[in-house]
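In this text, residue positions in the sequence shown follow UniProt numbering: the first is 1, and each later residue adds one. For each residue, glycine too, the CB sits at the ideal point set by N, CA and C.
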Amino acid sequence: MNPDGPTPVDVAELLDRIADLEKRLAATGDRQDMFAQALDAFEGAVHSAAAVDVAALAADDKDDTEQDRQPEKIDMAVLYDWVHTHVGKWAQRKIPRSATGTSGMRWCPWWFQHPEAVSRFEALRRAWTVCVRAKDPTAMAVYFRDFYDRTLDALTSETGPFHACSPAGHRDTEFVPIAEPPWEGDPHGPTHTDDVPSRSA
Numbered sequence: 001m002n003p004d005g006p007t008p009v010d011v012a013e014l015l016d017r018i019a020d021l022e023k024r025l026a027a028t029g030d031r032q033d034m035f036a037q038a039l040d041a042f043e044g045a046v047h048s049a050a051a052v053d054v055a056a057l058a059a060d061d062k063d064d065t066e067q068d069r070q071p072e073k074i075d076m077a078v079l080y081d082w083v084h085t086h087v088g089k090w091a092q093r094k095i096p097r098s099a100t101g102t103s104g105m106r107w108c109p110w111w112f113q114h115p116e117a118v119s120r121f122e123a124l125r126r127a128w129t130v131c132v133r134a135k136d137p138t139a140m141a142v143y144f145r146d147f148y149d150r151t152l153d154a155l156t157s158e159t160g161p162f163h164a165c166s167p168a169g170h171r172d173t174e175f176v177p178i179a180e181p182p183w184e185g186d187p188h189g190p191t192h193t194d195d196v197p198s199r200s201a
C-alpha cells in the first residue's frame with residue numbers, strides 16, 4: 001500500500017477481499033445450517049430406531065413369556081417320520097429277540113407308547129435340526145457324540161423305558177414311584193426347601 005495513502009487499486013483490492021470474506025462467511029453459515037439439519041435428522045432417526053428396538057424387545061419378551069407358559073406341542077407325525085428315518089432306517093444294533101435276553105440293547109418298535117422316549121426323541125430331533133444347519137463342519141460329530149449316543153444309551157439300557165419290551169411286542173411298565181407331597185392340602189406348598197421334611201423325619 002502506498003505510504004501517501006491508499007490508491008484506487010488498493011481500495012479495489014480491499015473491497016475484493018471484503019467481498020470474498022463475506023462470501024466465505026455466508027458459506028460457513030450455510031454449512032452450519034446444513035450440519036445442524038443433518039444432526040437433527042440423525043438424532044430423530046436414532047430415537048425412532050431406539051423406539052422400534054424397545055417395542056421389538058418388548059414383543060419378543062412377551063412372546064417368550066407366552067411360550068414359557070405354553071410349551072410347544074410335539075407334532076407326532078413329524079417325530080415319527082424322523083425317528084423312522086434317522087433311527088429305524090439308520091441304526092444297526094444287536095437287539096435281544098425277547099425281553100429276557102441278557103445282551104444287546106433294549107428296543108421297543110412301539111416307542112411312541114413310552115412318554116420318556118417321545119420326549120427324548122423330540123429333543124434329539126431338535127438338536128439334529130440345529131446341527132445339520134450349522135456351518136461348523138464338526139457339528140454333526142458333536143451331535144452324534146453328545147446327543148445321539150447318549151439319548152440312545154438312556155433309552156435302550158437295561159434300566160431304560162424299553163427294559164420290558166422286545167422287537168416282538170410292547171409291554172406297559174410302571175413309572176418310577178413318587179411319594180405324595182408332605183404339604184398335601186396346602187395350595188402354595190413349602191416356601192423353602194428347608195420346609196420339606198426328610199424321609200427320616
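{"Query": "Identify the continuous alpha helix (DSSP H) that holds residue 202 and give its terminal residues.", "Result": "Given that the chain is displayed from residue 1 to residue 201, the structure contains no residue 202 and the question cannot be resolved."}
{"Query": "How would you label residue 111, buried or exposed, when you count the other beta carbons within 10 angstroms and need 16 or more for buried?", "Result": "buried"}
{"Query": "Need the endpoints of the alpha helix (DSSP H) that residue 142 sits in, please.", "Result": "139-142"}
{"Query": "Starting from the C-beta of residue 24, find all residues in its chain whose C-beta is less than 7 Å away, skip the five residues before and the five after it, and write them out in chain order.", "Result": "none"}
{"Query": "Enumerated in chain order, which unbroken segments of the beta strand (DSSP E) with a length of 3 residues or greater are wholly contained in the stretch 140-178?", "Result": "none"}
{"Query": "Closest by CA to residue 122, which one among 164, 177, 83, 9?", "Result": "83"}
{"Query": "What's the C-alpha gap between residue 161 and residue 136?", "Result": "34 Å"}
{"Query": "Does residue 8 come out as helix, strand or coil in the three-state DSSP assignment?", "Result": "helix"}
{"Query": "Which term fits residue 15, buried or exposed, when burial requires 16 or more other beta carbons within 10 angstroms of its beta carbon?", "Result": "exposed"}
{"Query": "Would DSSP call residue 81 helix, strand or coil?", "Result": "helix"}
{"Query": "So, using beta-carbon positions, are residue 120 and residue 163 closer together than 7 Å?", "Result": "no"}
{"Query": "Apart from the five residues just before and just after residue 201, which ones in its own chain have a Cβ nearer than 6 Å to its Cβ?", "Result": "Low local confidence applies: a pLDDT of 44 at residue 201 is under 50, so the model's placement there is unreliable, with the coordinate-based value given in what follows. There are no such residues."}
{"Query": "Quick check: residue 170 and residue 108, are their CB atoms within less than 7 Å of each other?", "Result": "yes"}
{"Query": "Give a single yes or no on whether residue 13 has its beta carbon closer than 6 Å to a heavy atom of the ligand HEM.", "Result": "Absence of the ligand HEM from the depicted structure is noted, as is the absence of any ligand whatsoever, leaving it without description."}
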